Amino acid sequence: KVKKEGGGNIVSLSKANHVALSRKAMIEKRLIEALHHKDLSVMYQPQVDLKSGKIDAVEALVRWEDAVLGTVSPSDLIPIAEETGMIHDIGTFMLEKACEQAATWAKQGKPMKVSVNSSIREFRDKNMVKKIRQVLEKFDCPAHLLQIEITEKFALEAESEQSIIRQMLQLQTDGVTFVLDDFGTGYASFRYMQLLPITELKIDQSFISSITKQEKLQKLVEGIIQFGKSMEIRVLAEGVETKEQQDLLTKLGCDAIQGYYVSHPVPASEIEKL
Ligand code: C2E
Ligand code: MG
Ligand code: MG
Ligand code: MG
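Convert by adding 348 to the 1-based position in the sequence shown; the result is the number in the working numbering.
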């Protein structure tokens with residue numbers, strides 16, 4: 349195969365690899381610094397309940413603007429952080445920011461759930477529950493205002509890891525809620541629905557983007573919404589960008605939406621205005 353394609357391809361491939369590798373190494377190196385100086389920031393994206401029409405939760409999303417690398421997107425940052433173990437520090441940073449913000453809003457008489465994304469590696473830390481409880485206490489944040497988003501991959505792996513299920517159940521007892529993110533893109537193993545304390549699922553944006561144009565997608569989403577209803581799980585649609593999508597999702601009985609149509613991820617002060 350190599351011979352047929354000729355040498356040119358091989359050279360350009362390895363060049364591309366080299367560039368990718370050195371960017372990865374740079375991200376690793378700069379991220380250590382950024383975490384040390386708490387140079388990351390958080391943006392919040394509102395979630396709107398379709399019945400009340402009100403924002404009842406926000407998702408906290410990590411943002412990193414590095415002096416050398418420029419903007420590093422979460423899709424570049426998170427996999428590297430997971431691989432190197434720096435995800436623990438990012439997780440702690442996000443958790444602290446989210447709980448501090450949730451407590452601030454609660455004290456202003458405008459309580460709002462704050463949702464943070466979590467990697468399974470964080471839950472393999474035996475002190476995860478203790479850490480979360482300490483952060484809640486530190487900021488005087490009611491546990492029911494903290495929501496944790498896990499992916500289907502996380503859920504699938506957690507099925508066979510008793511200690512992770514136990515930690516999730518402990519947190520559930522405190523009042524922390526769990527959301528299944530990017531629903532439909534992963535493994536669709538329904539066993540974890542029964543094992544894990546999940547109160548909401550977020551239909552992945554890839555299903556929503558063409559929903560008004562494709563009948564099949566509409567049927568699929570309708571099925572997911574019905575599934576949620578029969579399981580008594582709230583269903584949120586991600587990546588809603590147009591009024592047409594919102595109207596259709598309302599008609600299909602979806603509980604909540606999140607997406608650019610409502611708002612891009614914004615600083616906390618902008619959420620207060622919204
Ligand atoms: P996610 O949790 O599914 O978050 C939703 C992503 O979709 C966000 O991208 C958000 O900016 C984007 N989005 C929201 N509305 C729309 C829309 O209407 N259209 C389109 N095209 N996109 C929309 P972002 O912030 O780049 O994050 C990407 C992923 O990185 C997240 O997906 C999440 O899996 C991960 N991530 C972000 N922050 C964290 C974090 O603090 N910890 C961990 N472990 N993962 C994070
Ligand atoms: Mg999420
Ligand atoms: Mg998602
Ligand atoms: Mg996603």
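For each residue, glycine too, the CB sits at the ideal point set by N, CA and C. Source: prediction; values computed, not measured.
Exposure of residue i, with buried meaning 16 or more beta-carbon neighbours within 10 Å
{"i": "valine 527", "result": "buried"}
{"i": "asparagine 475", "result": "exposed"}
{"i": "isoleucine 551", "result": "buried"}
{"i": "lysine 352", "result": "Below a pLDDT of 50, predicted positions are generally treated as unreliable, and lysine 352, at 42, falls in that range; the measurement from the model is reported next regardless. Exposed, since its Cβ has fewer than 16 Cβ neighbours within 10 Å."}
{"i": "glycine 587", "result": "buried"}
{"i": "valine 350", "result": "Reliability of the predicted coordinates at valine 350 is poor, the pLDDT of 38 falling under 50, and the value obtained from them is presented with this limitation in mind. With fewer than 16 Cβ atoms within 10 Å of its Cβ, valine 350 is classed as exposed."}
{"i": "serine 558", "result": "exposed"}
{"i": "glycine 401", "result": "exposed"}
{"i": "glycine 354", "result": "For glycine 354, the predicted structure reports a pLDDT of 44, less than 50, and the residue's modelled location is therefore unreliable. The matter cannot be settled from this model."}
{"i": "glutamine 562", "result": "exposed"}
Paired residues, beta bridge with residue i - DSSP
{"i": "serine 397", "result": "Before going on, a small fix: residue 397 reads as aspartate here, not serine. DSSP, once it has assigned bridges, lists Ala604 as partnering aspartate 397."}
{"i": "isoleucine 546", "result": "Phe526"}
{"i": "glutamate 413", "result": "Thr419"}
{"i": "leucine 494", "result": "Val462"}
{"i": "alanine 585", "result": "Ile551 and Ile605"}
{"i": "phenylalanine 531", "result": "Ile551"}
{"i": "valine 614", "result": "Tyr392"}
{"i": "glutamate 407", "result": "Gln393 and Ser463"}
{"i": "threonine 521", "result": "DSSP output for threonine 521 lists no bridge partner at all."}
Distance cut-off 7 angstroms: residue i Cβ against heavy atoms of ligand 3
{"i": "glutamate 586", "result": "yes"}
{"i": "aspartate 530", "result": "yes"}
{"i": "aspartate 387", "result": "no"}
{"i": "lysine 550", "result": "yes"}
Residue i Cβ short of 7 angstroms to ligand 2 heavy atom set
{"i": "glutamate 430", "result": "no"}
{"i": "glutamate 407", "result": "yes"}
{"i": "asparagine 475", "result": "no"}
{"i": "glutamate 497", "result": "yes"}
Closer than 7 angstroms: residue i CB and nearest ligand 1 heavy atom
{"i": "glutamate 413", "result": "no"}
{"i": "isoleucine 426", "result": "yes"}
{"i": "serine 421", "result": "yes"}
{"i": "glutamine 395", "result": "no"}
Sub-8 angstroms separation of residue i and residue j beta-carbons
{"i": "lysine 621", "j": "tyrosine 609", "result": "no"}
{"i": "glutamate 548", "j": "isoleucine 572", "result": "no"}
{"i": "leucine 383", "j": "methionine 442", "result": "no"}
{"i": "leucine 544", "j": "valine 477", "result": "no"}
{"i": "glutamine 395", "j": "alanine 616", "result": "no"}
{"i": "serine 463", "j": "glutamate 407", "result": "yes"}
{"i": "aspartate 530", "j": "threonine 499", "result": "yes"}
{"i": "leucine 409", "j": "proline 427", "result": "no"}
Chain C contact for residue i (CB, 8 angstroms cutoff)
{"i": "isoleucine 605", "result": "The structure shown contains no chain C, having only a single protein chain."}
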